[in-house]
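Notes for the one structure printed next.
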Amino acid sequence: MIQAPHFGFVAAAYAIAALVIFGMIAAVLADYRAQIRALRRLEQARGRGEGKP
Amino acid sequence: MKGAMTALFLREWRIARRIGGGASTGAVFFLILVAIMPFAIGPDLNLLGRIGPAILWIAALLSTLLGLDRLFQGEDEDGSLDLLVNARLPLEIVVLVKCAAHWTTSALPLVVVSPLFGLMLALDARALGLVAASLLVGTPALTMIGAIGAALTVSLRRGGLLMAVLVLPLTIPVLIFGVAAASAASGGAAPFLMPFLVLCALSLATIAGAPFAAAAALRLARD
Amino acid sequence: MWSLANPTVFLALAQRALPGLAAATAALFAVGLWLSFTAPPDYQQGETVRIMYLHVPAAWLSSFIYGVMTLAALGTLVWRHPLADAAQKAAAPLGAGFTFICLATGSLWGKPMWGTYWVWDARLTSVLVLFIIYLGLIALWRTIEDARRAARAAAILTLVGAVDLPIIKFSVDWWNTLHQPASVFRLGGPTIAPELLWPLLIMSLAFTLLFVTLHVMAIRNEILRRRVARLTMIAAAQGDSLAPQLAAGAAKG
Chain A
565 MIQAPHFGFV
575 AAAYAIAALV
585 IFGMIAAVLA
595 DYRAQIRALR
605 RLEQARGRGE
615 GKP
Chain B
1074 MKGAMTALFL
1084 REWRIARRIG
1094 GGASTGAVFF
1104 LILVAIMPFA
1114 IGPDLNLLGR
1124 IGPAILWIAA
1134 LLSTLLGLDR
1144 LFQGEDEDGS
1154 LDLLVNARLP
1164 LEIVVLVKCA
1174 AHWTTSALPL
1184 VVVSPLFGLM
1194 LALDARALGL
1204 VAASLLVGTP
1214 ALTMIGAIGA
1224 ALTVSLRRGG
1234 LLMAVLVLPL
1244 TIPVLIFGVA
1254 AASAASGGAA
1264 PFLMPFLVLC
1274 ALSLATIAGA
1284 PFAAAAALRL
1294 ARD
Chain C
1236 MWSLANPTVF
1246 LALAQRALPG
1256 LAAATAALFA
1266 VGLWLSFTAP
1276 PDYQQGETVR
1286 IMYLHVPAAW
1296 LSSFIYGVMT
1306 LAALGTLVWR
1316 HPLADAAQKA
1326 AAPLGAGFTF
1336 ICLATGSLWG
1346 KPMWGTYWVW
1356 DARLTSVLVL
1366 FIIYLGLIAL
1376 WRTIEDARRA
1386 ARAAAILTLV
1396 GAVDLPIIKF
1406 SVDWWNTLHQ
1416 PASVFRLGGP
1426 TIAPELLWPL
1436 LIMSLAFTLL
1446 FVTLHVMAIR
1456 NEILRRRVAR
1466 LTMIAAAQGD
1476 SLAPQLAAGA
1486 AKG
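As given, the protein sequences belong to chains A, B and C, one line each in that order.
Per the working numbering, residue 565 is the first one in the first sequence, and the count goes up by one each step.
Per the working numbering, residue 1074 is the first one in the second sequence, and the count goes up by one each step.
Per the working numbering, residue 1236 is the first one in the third sequence, and the count goes up by one each step.
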């Protein structure tokens, strides 16, 4: 199949699709981690803050 | 309600004429667009004649778009937007009247002037008439769709650019049928009536529907 | 739908459902990809027909996601569902991504088939317009700072687009038949052979499940982002000794 004409196009199409899909997955996961980190930081600060009058 | 509508229309009319950013500047912009096209395309009259209707329609679309940016901007800046939203006149009617005034002061001059510019693009007499007719019937749709964009982006920084991005895809059907009607060949190979009627339908539909979307968007801007 | 209205309930459900969704998605893709590469080549197009297994699911998803956004928009404006905003905002970038895949794979399919990377045929043109509308929606979300106003403005634009998209499709179809000689594009004959149909269906299912998984994850991120915003305001107000009542107000709101 690799010798078939136009195989480069097929490969490029699958490569681009994979790139975009993995990009979307990565973006959603990175956003999730960022939110969890921010939440953890804020919960800690809040816990410390409640010690003050 | 008739009295309020007339009063609003006259107010818009007077403001547009006084500011002058409406009719005259819009027509000059139209002229400039038509004039720079041959610099890019070349002076070949045959080519220009073939794409002349398209050039006129694109120029009309862009002129209308640029003018619509200010449709609600003035009210937003001096706070009278609140007054309009809370007035007894329904906001949808307010939007409709403002659009009617805007069309009369900004788009109608383009329609009137388009045969003159069509001459520069080597359009024959029949084509000039078709272009003017299609613009007359199609520009209301452009105004109404643009009003939705103007209402969504009122009070935003760089709102004009965003408005163009939002509005232009939505106006593609009007452009397609407008140019089709304007380019209708005299031999009947490309029909005139069908795209012309679709243009009428699009304008009527947007006149009926767009005020609701624009009014809803305006109410958002106050919060 | 209304039982999911409580963000905490949604988060708990997402926590339980996501591993299963992700596993199912991966499994479907594995099967689908295997089928795509072992299916016989099309008698007319040869190997390039394998691009169809990407292009068609992506095209279907680009419309489907817009439908999901339209439902979410109605949820925001008409039914006042609390999570509708998040669902809408989360769907737009995903929609743009899959639409881009549709355009790119269509273009790479077009070069060997029609000899050019881009053709103004009705389908590609309509999808291009849809892509631009997605980008406009994302731009609108980004430009309006107030979250509530952004959600409702995006909802209005989505609904206007929903009304306009069939009109755009119709006018582009009509314009295309007017300008292009009919180059009928047949996929291996008048009907798709069953050996080509199965990979198509499995890949379509895989793509759809991928979107559902990503969408749930993205909605979860939106809910968390709102929590972060609220806690940030509370923290800022607590540190402000001149206005302790702000902390109480932010804690309530």
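Just so you know, even glycine gets a beta-carbon here, dropped at the ideal spot from N, CA and C.
is_contact[residue i, chain C] using C-beta, thresh 9 angstroms
i, result
"glycine 1260 of chain B", "Summary for glycine 1260 of chain B: the model assigns pLDDT 48, below 50, so the residue's position carries little reliability; its value from the coordinates is reported in the next sentence. No, glycine 1260 of chain B lies away from the interface with chain C (no Cβ there is under 9 angstroms from its Cβ)."
"glycine 615 of chain A", "At glycine 615 of chain A the pLDDT is 46, less than 50, meaning the model places this residue with poor confidence; the figure from the coordinates comes in the next sentence. With 9 angstroms as the cut-off, glycine 615 of chain A does not count as an interface residue toward chain C."
"arginine 1123 of chain B", "no"
"glycine 1232 of chain B", "yes"
"isoleucine 1245 of chain B", "yes"
"leucine 1164 of chain B", "no"
"proline 1284 of chain B", "no"
"proline 1242 of chain B", "yes"
"leucine 1181 of chain B", "no"
"alanine 1200 of chain B", "no"
"phenylalanine 1103 of chain B", "no"
"valine 1238 of chain B", "yes"
"isoleucine 1280 of chain B", "no"
"leucine 1277 of chain B", "no"
Close Cβ partners of residue i (< 8 angstroms) along its chain, the five nearest in sequence each way excluded
i, result
"glycine 1267 of chain C", "Tyr1288, Pro1434, Ile1437, Met1438, Leu1440 and Ala1441"
"leucine 583 of chain A", "none"
"tryptophan 1344 of chain C", "Thr1283, Ile1286, Met1287 and His1290"
For residue i, the nearest candidate out of the options (CA to CA)
i, options, result
"serine 1271 of chain C", "C:Pro1401, C:Ile1286 and C:Arg1251", "C:Ile1286"
"alanine 1281 of chain B", "B:Ser1228, B:Ile1221 and B:Leu1239", "B:Ile1221"
"valine 1184 of chain B", "B:Leu1194, B:Val1170, B:Leu1169 and B:Gly1202", "B:Gly1202"
"glutamate 1380 of chain C", "B:Pro1213, B:Gly1232, B:Gly1219 and B:Ala1214", "B:Gly1232"
"alanine 1180 of chain B", "B:Val1210, B:Glu1165 and B:Asp1151", "B:Val1210"
"valine 1101 of chain B", "B:Ala1198, B:Leu1208 and B:Val1186", "B:Val1186"
"threonine 1305 of chain C", "C:Ala1258, C:Ala1322 and C:Trp1410", "C:Ala1322"
"tryptophan 1376 of chain C", "C:Gly1396, C:Ala1388, C:Val1244 and C:Arg1315", "C:Ala1388"
"lysine 1075 of chain B", "B:Gly1099, B:Ala1274, B:His1175 and B:Arg1161", "B:Arg1161"
"leucine 1192 of chain B", "B:Arg1091, B:Leu1139, B:Pro1126 and B:Phe1145", "B:Pro1126"
"isoleucine 1367 of chain C", "C:Thr1340, C:Gly1332, C:Trp1349 and C:Val1303", "C:Gly1332"
"alanine 1397 of chain C", "C:Ile1300, C:Thr1243 and C:Thr1467", "C:Ile1300"
Test: residue i CB closer than 9 angstroms to a CB of chain B
i, result
"phenylalanine 1405 of chain C", "yes"
"tryptophan 1409 of chain C", "yes"
"leucine 1270 of chain C", "no"
"alanine 1374 of chain C", "yes"
"phenylalanine 1312 of chain C", "First, the residue type needs correcting, since residue 1312 of chain C is leucine and not phenylalanine in the sequence shown. Judged by the 9 angstroms Cβ criterion, leucine 1312 of chain C is in contact with chain B."
"glycine 1396 of chain C", "yes"
"threonine 1378 of chain C", "yes"
"valine 1364 of chain C", "yes"
"aspartate 1399 of chain C", "yes"
Rounded distance between the beta-carbons of residue j and residue i, thought under 8 angstroms
i, j, result
"serine 1297 of chain C", "valine 1354 of chain C", "Going by Cβ atoms, the distance from serine 1297 of chain C to valine 1354 of chain C rounds to 18 angstroms, so no, they are not a contact pair."
"leucine 1235 of chain B", "valine 1167 of chain B", "Actually they are not in contact, since the Cβ atoms of leucine 1235 of chain B and valine 1167 of chain B sit about 23 angstroms apart, beyond 8 angstroms."
"threonine 1334 of chain C", "tyrosine 1369 of chain C", "6 angstroms"
"alanine 1132 of chain B", "phenylalanine 1103 of chain B", "5 angstroms"
"serine 1207 of chain B", "glycine 1140 of chain B", "Not quite, the Cβ-Cβ distance comes to about 19 angstroms (not below 8 angstroms), so this is no contact."
Proximal residues to residue i (C-beta, below 6 angstroms), its chain only, five neighbours per side dropped
i, result
"serine 1418 of chain C", "Note that serine 1418 of chain C scores 47 on pLDDT, short of 50, meaning its location in the model is unreliable; the coordinates nonetheless yield the value given after this. For serine 1418 of chain C, where only same-chain residues beyond five positions count, there are no Cβ hits under 6 angstroms."
"arginine 1084 of chain B", "none"
"leucine 1243 of chain B", "Ile1218"
"leucine 1118 of chain B", "Ala1195"
"proline 1425 of chain C", "Note that proline 1425 of chain C scores 40 on pLDDT, short of 50, meaning its location in the model is unreliable; the coordinates nonetheless yield the value given after this. Excluding positions up to five away in sequence, the list is empty."
"valine 1170 of chain B", "Met1078, Leu1081 and Phe1082"
"arginine 1383 of chain C", "none"
Residues near residue i in its chain [Cβ-Cβ closer than 7 angstroms; skip 5 each side]
i, result
"tryptophan 1295 of chain C", "Ser1439"
"leucine 1134 of chain B", "Leu1215, Thr1244 and Leu1248"
"alanine 1039 of chain B", "Residue 1039 of chain B lies beyond the stretch modelled for chain B, which goes from 1074 to 1296, so this question has no answer here."
"leucine 603 of chain A", "none"
"proline 1347 of chain C", "Thr1283"
Heavy atom of the ligand GTP within 8 angstroms of residue i beta-carbon
i, result
"phenylalanine 586 of chain A", "Only the bare structure without any ligand can be found here, which leaves the ligand GTP out of the picture."
Residue-chain proximity (residue i, chain A), Cβ-Cβ < 9 angstroms
i, result
"threonine 1283 of chain C", "yes"
"tryptophan 1344 of chain C", "yes"
"threonine 1467 of chain C", "yes"
"isoleucine 1336 of chain C", "yes"
Q: Please list the segments of the alpha helix (DSSP H) lying wholly inside the region 1249-1314 of chain C, counting only runs of 4 or more residues, in order along the chain.
A: The region 1249-1314 of chain C is shown to contain whole alpha helix (DSSP H) runs of 4 or more residues at 1287-1309, in chain order.
Q. Taking only runs of the alpha helix (DSSP H) that begin and end inside the region 1123-1198 of chain B, which ones reach a length of at least 4 residues, in chain order?
A. Qualifying alpha helix (DSSP H) stretches, in chain order: 1146-1151, 1153-1159, 1164-1175 and 1181-1193.
Q.
Can you pull out the residues from the region 1300-1330 of chain C whose beta carbon lies closer than 7 angstroms to at least one beta carbon of chain D?
A. Going by chain labels, chain D is absent from the structure shown, which instead holds the protein chains A, B and C.
Q.
Report the start-end ranges of each alpha helix (DSSP H) in the region 1090-1116 of chain B that is 4 residues or longer and not cut off at the edges.
A. Qualifying alpha helix (DSSP H) stretches, in chain order: 1096-1114.
Q | Unbroken stretches of the alpha helix (DSSP H), 4 residues or longer, contained in the region 1214-1265 of chain B | A | Qualifying alpha helix (DSSP H) stretches, in chain order: 1232-1243 and 1245-1255.
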